[in-house]
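Report on the following structure.
Residue numbers (the UniProt record's numbering): 1 to 157.
Put into structure tokens, the structure is as follows:
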């Protein structure tokens with residue numbers, strides 16, 4: 001069965017934008033959810049967003065979209081979440097700072113509607129990890145850097 005999720009209560013502005021999606025089964029709630037993040041313009045990845053992104057959650061159980069009021073000061077680089085684990089979606093992201101930028105992993109908990117920034121291992125953040133890949137293996141998140149033969153395993157602790 002295919003379900004059309006296009007009917008959102010939010011009117012999208014008529015500007016260039018960058019859409020980010022994540023989909024996950026939430027075992028605590030026994031339901032499927034979709035998160036949609038709309039950045040109002042394509043970013044060059046080194047500047048903070050000039051307009052705050054719009055974040056919405058779709059619940060299959062209620063068949064409705066809910067807008068979340070949250071301030072995201074970073075840019076999620078891929079259009080689709082690359083890893084899903086225990087009701088959370090994971091992406092690579094970038095945030096501008098005073099002199100450069102910081103790369104990190106962002107998780108979004110579909111049950112609590114909470115974003116979390118997860119620092120990258122020290123060597124990977126200087127090694128082009130933003131061009132790497134996230135994956136799930138044996139109930140853990142892994143980061144594979146594309147320009148090296150390293151892989152990083154993320155523990156709960």
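Cβ coordinates follow ideal geometry from the N, Cα and C atoms, glycine included.
Just the Cα atoms here: how many angstroms apart are residue i and residue j?
i, j, result
"residue 120", "residue 103", "7 Å"
"residue 51", "residue 58", "22 Å"
"residue 25", "residue 108", "12 Å"
"residue 96", "residue 72", "12 Å"
"residue 142", "residue 132", "10 Å"
Could you tell me if the beta carbon of residue i falls within a distance shorter than 7 Å of some heavy atom in the ligand FMN?
i, result
"residue 134", "The ligand FMN is not part of this structure, which contains no ligands at all."
Which residue from the options puts its Cα closest to that of residue i?
i, options, result
"residue 106", "40, 81, 117 and 30", "117"
"residue 18", "62, 32 and 37", "37"
"residue 33", "60, 21 and 132", "60"
"residue 140", "115, 110 and 84", "84"
"residue 64", "144, 20 and 31", "31"
Give a yes or no on whether the C-beta atoms belonging to residue i and residue j are separated by under 8 Å.
i, j, result
"residue 94", "residue 77", "yes"
"residue 56", "residue 68", "yes"
"residue 27", "residue 86", "yes"
Closer than 8 Å, CB to CB, is residue i near chain C or not?
i, result
"residue 28", "Any reference to chain C falls outside this structure, which holds one protein chain only."
Kindly provide the ranges of any alpha helix (DSSP H) runs that are 4 or more residues long and lie completely inside the UniProt domain "F-box associated beta-propeller type 1" (20-137), ordered along the chain.
Correct list: 122-125.
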